[in-house]
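Going from the sequence shown to my numbering is simple: count from 1 and add 557. First the structure, in the form of structure tokens, and then the observations on it.
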Amino acid sequence: MKKNNSDKIIMLMKMRGEIDAASIAEELGITKEGARQQLLKLSEEGLVHGVCKKSGVGRPFTYYSLSQTGLAKFPDNHADITVQLLQSIKSLLGENALDLLISDREKSSYLRYEEKLKGSKSISDKLKKLVEIRSEEGYMAEWKKEGQTYYLIENHCPICAAATECQQFCRAELKNFRALLGEDLEVNRVKHILADDNRCVYKIEKKQ
558 MKKNNSDKII MLMKMRGEID AASIAEELGI TKEGARQQLL KLSEEGLVHG VCKKSGVGRP
618 FTYYSLSQTG LAKFPDNHAD ITVQLLQSIK SLLGENALDL LISDREKSSY LRYEEKLKGS
678 KSISDKLKKL VEIRSEEGYM AEWKKEGQTY YLIENHCPIC AAATECQQFC RAELKNFRAL
738 LGEDLEVNRV KHILADDNRC VYKIEKKQ
């Protein structure tokens, strides 16, 4: 289904975190006034909010980001039932059973990712494949390179409720990324949705 400009703006904010009207206009190929009208409509609907920021000399700019209502348009799949199941496992079978469950998920995910990454030699090739896989799973992933440093960015977490209840999920994912990308690379999570960042970001660079 074709997205209207409001939907495109919401998606841009999800991917960028915050953005001004001029950047929205450029991205969507519309006028700045058109972008401002769309932002006003979204603000009235409670989907976005704006913050004025001064950047150097000149008048301040208003940067817009998604409100909690806007973020709710990107749901955490089956959040309530997942949390209930995790709590039941802990109460009925204990922490050890939960650790075994997460360890098994970590292993099966690693084997599936490893198969998909087979034949990828360079860091960029591996990240391209990893981004495809993670995006298919709902993480809205992308990657970029700045100088000699690479970044894996995940703009959404489809298992956020489960990860909030049990942060071993996040530790397992970081462990898998380190193993998949190679021992010669340092992989660290520098932004984390569970730490109130708007996305998870992994910094990847060669070990000294």
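Don't be surprised by glycine CBs; every beta carbon is placed ideally from N, CA and C.
Around the beta carbon of GLN595, a 10 Å sphere encloses 16 or more other beta carbons of the protein chains shown; the residue is thus reported as buried. Contact between the segment 697 to 705 and the segment 732 to 747 is absent: fewer than 3 CB-CB pairs across the two stretches fall below 8 Å. In this structure, the beta-carbon distance from GLU743 to GLU762 falls below 8 Å. Going by DSSP, ASN745 is part of the beta strand (DSSP E) stretching over 742 to 748. Per DSSP, the continuous alpha helix (DSSP H) segment holding ILE690 begins and ends at 680 to 693. In summary, GLU601 is exposed, with fewer than 16 beta-carbon neighbours lying within 10 Å of its beta-carbon over all protein chains present.
Taking 8 Å as the cut-off, the Cβ atoms of CYS723 and LEU642 do not count as close. For the options ASP753, TYR708 and ASN745, the alpha carbon positioned closest to that of CYS714 is the one of ASP753. 8 Å or more divides the Cβ of LEU604 from the Cβ of SER622.
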